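Here is the structure we will look at.
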């Protein structure tokens, strides 16, 4: 009587072994891509360039540059809003770059939990 479950001889069929190799290759590529993303910097502006911010691929704020004319002691709130807008735009660029590079690796497959 034939054994139920498992594979004859205890070995994985060729397709399964091939699939495992492909998964391992994709994992290595994803790790390399993540390192490349972390090394990149993204710059965004707000207020027609009056505020410029730079963030890393790790989503860390690296720098903020302000034009003198945007620094108005009577309107600090506007400056705060411009900084927030610029930072959010830069972080969106990081997310879009990560999604684009992940899409290249996965061939457009939706991989839940990735970036």
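Numbering (full-length UniProt numbering), first residue to last: 1 to 115.
Glycine residues also receive a C-beta, built at the ideal position from the N, C-alpha and C atoms.
Since the model is a prediction, treat every value here as computed from it, not as a measurement.
query: Buried versus exposed, by CB contacts within 10 Å (16 or more), residue 20; result: exposed
query: Rounded Cβ spacing between residue 55 and residue 91 (contact assumed at less than 8 Å); result: 6 Å
query: Span separating the alpha-carbon of residue 36 from that of residue 94; result: 12 Å
query: Integer Cβ distance of residue 80 from residue 46, believed to fall under 8 Å; result: That pair is no contact at about 11 Å.
query: Among 18, 98, 29, the one whose alpha carbon lies nearest that of residue 42; result: 98
query: Residue 97: first and last residue of the uninterrupted beta strand (DSSP E) it sits in; result: Run containing residue 97: none in the beta strand (DSSP E); it sits in the alpha helix (DSSP H), 76-106.
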